[in-house]
Amino acid sequence: MKDQRTETSIAEIAKLLNCSTRYAKTIVHQLEENQKIRWETARGRGKKPFITMLRNSDTILLEWISELWEIGNYEVALEIIKRYDMTQNSNIQAWLNSKLGLQSIEDEHIFVQQMYEVELFLDPLKSISRHDSHMMEQIHETLFGIDEKGNIFNNLVFAYDTQDYRTWSFILKKGVKFHDGTILTAEEVVASIAYISERYKEIYEIAQMNVLSKYELIIQLKKPFSLLPTFFASPRLVMLTKSLNPEIGCGPFQLKQLSNDKIILEAFQSYFKERPWIDRVELFITESEVASPISHMPIEDEPYRVIEQQEEGATYLFFNSSREAFSSEEARAYIWHNILPEQFVLNPYYEQPAYGWLTSSHKVQVEAPQLIKPDLKEPIIIGYQQIREGVNHLPQAEKLQEILAEHNIVAELRCINFQEPTAERFKKVDLFIGGMAILRNLNLSFYNYYTTYGKDLISTMNEQDCKRAFNLFEEAKTSHNPLLEFEELEQFLQTSYHLKFLKHRKHYYYVRENSNFDHVVFDNHGRIDYRKLYVSANEHKK
Numbered sequence: 367m368k369d370q371r372t373e374t375s376i377a378e379i380a381k382l383l384n385c386s387t388r389y390a391k392t393i394v395h396q397l398e399e400n401q402k403i404r405w406e407t408a409r410g411r412g413k414k415p416f417i418t419m420l421r422n423s424d425t426i427l428l429e430w431i432s433e434l435w436e437i438g439n440y441e442v443a444l445e446i447i448k449r450y451d452m453t454q455n456s457n458i459q460a461w462l463n464s465k466l467g468l469q470s471i472e473d474e475h476i477f478v479q480q481m482y483e484v485e486l487f488l489d490p491l492k493s494i495s496r497h498d499s500h501m502m503e504q505i506h507e508t509l510f511g512i513d514e515k516g517n518i519f520n521n522l523v524f525a526y527d528t529q530d531y532r533t534w535s536f537i538l539k540k541g542v543k544f545h546d547g548t549i550l551t552a553e554e555v556v557a558s559i560a561y562i563s564e565r566y567k568e569i570y571e572i573a574q575m576n577v578l579s580k581y582e583l584i585i586q587l588k589k590p591f592s593l594l595p596t597f598f599a600s601p602r603l604v605m606l607t608k609s610l611n612p613e614i615g616c617g618p619f620q621l622k623q624l625s626n627d628k629i630i631l632e633a634f635q636s637y638f639k640e641r642p643w644i645d646r647v648e649l650f651i652t653e654s655e656v657a658s659p660i661s662h663m664p665i666e667d668e669p670y671r672v673i674e675q676q677e678e679g680a681t682y683l684f685f686n687s688s689r690e691a692f693s694s695e696e697a698r699a700y701i702w703h704n705i706l707p708e709q710f711v712l713n714p715y716y717e718q719p720a721y722g723w724l725t726s727s728h729k730v731q732v733e734a735p736q737l738i739k740p741d742l743k744e745p746i747i748i749g750y751q752q753i754r755e756g757v758n759h760l761p762q763a764e765k766l767q768e769i770l771a772e773h774n775i776v777a778e779l780r781c782i783n784f785q786e787p788t789a790e791r792f793k794k795v796d797l798f799i800g801g802m803a804i805l806r807n808l809n810l811s812f813y814n815y816y817t818t819y820g821k822d823l824i825s826t827m828n829e830q831d832c833k834r835a836f837n838l839f840e841e842a843k844t845s846h847n848p849l850l851e852f853e854e855l856e857q858f859l860q861t862s863y864h865l866k867f868l869k870h871r872k873h874y875y876y877v878r879e880n881s882n883f884d885h886v887v888f889d890n891h892g893r894i895d896y897r898k899l900y901v902s903a904n905e906h907k908k
């Protein structure tokens, strides 16, 4: 409070600001010099100094956090707001709204956003999350692209040809530069494909690659693969320099800083397509609960607009028939028919029952046999997927455990961490609850799934059903219309009681009307697409 004399110390101020005592002394000196506080050094050993606010504390704090913000100490500024319990202060919220989002600073346009801490993998062999794919699309480019309707188009490729789907020739666009100034040539493409293709050898295997000229190469596969261009549009099949440094791409933004507290991207001036409108993106990592202009929940007492995004893909249940509990079709059928997708819709506003991978899927008609409860000697184990700490399918696993208990079936839960990849992860569980998100191109999404987690799950099926499932996948790899085979595979997995779909998800984003997020567009990963951001001078004056 103004004129209130309070005992404190430099050490306490440093702790409050999460900074060094040296920096805390500098701040105190500046505040005293600007006549915002009076600092009295106490005489005598062990006595603490006194601080007196000479101006209204809200005004001082606002000026204080503004100064911290201007020099990039975002986390400290937000911590001060939190420590002083000012999250509901209208002046502070108005100030925060003005500092986040699109900023016009002289002739530069910067997008500033807070984000939670997440481990970021830019290496295409290690990327796993939507956050990884989103950031890679800002930094990197692929040989082919996918438009909003899911269609494939030439991106880094100028022209291509094949006669038998086994031998492919590619001619590259000229003048494409990487962020370090390197020119994209056939040698970079060969190096990138050789590095990344090890991850996808279940889909295609390369017999050899030949560089014909600076901008032309030939790829010969061991077996025909009709959708190679589609797969070369995968967000993970990015083109790298010959050094294979995943932080250097040829995309619209170049990575300027990647640290534990900040990510900075800058528009790449030599981008081969239309460069982004904004000049820089600053993302600061914080676990602060200070209100963001964008929320996943409705914002109280303030006007906001709602952005709705329907997610394709589904949460599902898979039966491990290689273990005794569900080795028989009768045992699987009992559980399959006694659980309903509607039971797993825990929040109807965000969720809906699922009957297939897509929201447009219809319920598969499976004639229920005479249901006989399995005689289970031991508790069954339900494994549930975890992408990262706190992001998992535990609520659905607990719901399944509850439903099974109603049938006097005892179940134990086990977390399966997907950041620790291993083909053995599913072999010690009887049931598995996980999810798959489907991106714009359906073929690409299904190929990715059935060569990774889907393949491992199918491997837990009994020998006969496993063989049938893998044969359908092999047929899809050489088909002119793979979706037909994928639909047949989906139906087979359901009618053989190995796969049960549970729910689809929908996302809502609530954006404060009085914030600098006028033209926010979310991509198919559920993240803000920096490539599409811009700000109008008239809007910025509002």
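Position one of the sequence shown corresponds to residue 367 (the numbering used here), numbered consecutively onward. Here a beta-carbon is modelled for each residue, glycine too, at the ideal position from N, C-alpha and C. Quick caveat, the model's predicted, so the values are computed rather than measured.
Here residue 503 is buried. Its C-beta has 16 or more other C-beta atoms within 10 Å.
Look at the beta carbons and you see the stretch 594 to 603 not touching the stretch 611 to 625: under three pairs across the two are nearer than 8 angstroms. Rounded to the nearest whole angstrom, the C-alpha separation of residue 398 and residue 439 is 21 angstroms. Taking the C-beta atoms as reference points, residue 555 is found nearer than 8 angstroms to residue 605.
The beta carbon of residue 817 sits closer than 6 angstroms to those of 568, 569, all from its chain and outside the five residues before and after it, given in chain order. For the pair residue 858 and residue 842, the CB atoms are not nearer than the 8 angstroms cut-off. Taking the C-beta atoms as reference points, residue 888 is found nearer than 8 angstroms to residue 675. Annotation for residue 576: 583, 584 place their beta carbon closer than 7 angstroms to its own, counting only its chain and skipping 5 residues before and after.
The Cβ neighbour count for residue 667, taken over all protein chains shown within 10 Å, is under 16; the residue is labelled exposed. Ranking 547, 377, 396, 479 by CA distance to the CA of residue 881 puts 479 first. Nearest to residue 578 by alpha-carbon distance, out of 517, 535, 643, is 535. With respect to residue 403, residue 419 sits close: the two C-beta atoms are nearer than 8 angstroms. Comparing alpha-carbon positions, the option among 476, 421, 863 lying closest to residue 827 turns out to be 863. Three or more beta-carbon pairs separated by less than 8 angstroms are not found between the stretch 890 to 897 and the stretch 686 to 706, which leaves the two stretches without contact. The beta carbon of residue 460 lies closer than 8 angstroms to those of 880 in the same chain, with the five residues before and after it left out. At a Cβ-Cβ threshold of 8 angstroms, residue 375 and residue 415 count as neighbours. Three or more beta-carbon pairs drawn from the stretch 741 to 758 and the stretch 797 to 817 are found closer than 8 angstroms, and the two stretches are therefore classed as touching.
The straight-line gap separating the alpha-carbon atoms of residue 499 and residue 601 is approximately 6 angstroms.
By the criterion of a C-beta distance shorter than 8 angstroms, residue 496 is surrounded in its chain by 803, 891, 892, 893, once the five residues flanking it on both sides are discounted. Scanning its chain for C-beta atoms nearer than 8 angstroms, with the 5 sequence neighbours on each side dropped, one finds around residue 641 the residues 618, 633, 634, 635, in chain order.
DSSP links residue 575 through a beta bridge to 585. The beta carbons of residue 599 and residue 810 sit closer together than 8 angstroms. Nearest Cα to residue 767 within the set 710, 812, 715, 486: 710. Going by DSSP, residue 496 is part of the alpha helix (DSSP H) stretching over 496 to 505. Annotation for residue 461: no beta strand (DSSP E) segment contains it, though the alpha helix (DSSP H) segment containing it runs 456 to 465.
Ranking 651, 822, 774, 876 by CA distance to the CA of residue 662 puts 876 first. The Cβ atoms of residue 697 and residue 870 do not sit closer than 8 angstroms to each other. Counting every other CB atom within 10 Å of its CB across the protein chains shown gives residue 837 a total below 16, marking it as exposed. For residue 812, the enclosing alpha helix (DSSP H) stretches over residues 808 to 816. Cβ contact annotation for residue 557 (same chain, cutoff 6 angstroms, sequence separation greater than five): 608, in chain order. If you check the CB distance, residue 660 and residue 883 come in under 8 angstroms. For residue 470 and residue 543, the gap between their C-alpha atoms comes out near 28 angstroms. DSSP places residue 535 inside the beta strand (DSSP E), whose first and last residues are 533 to 538. When only Cα atoms are considered, residue 435 and residue 645 end up about 19 angstroms apart.
In this structure, residue 477 sits near residue 647, with a CB-CB distance shorter than 8 angstroms. Put simply, the backbone Cα of residue 627 is about 5 angstroms away from that of residue 651.
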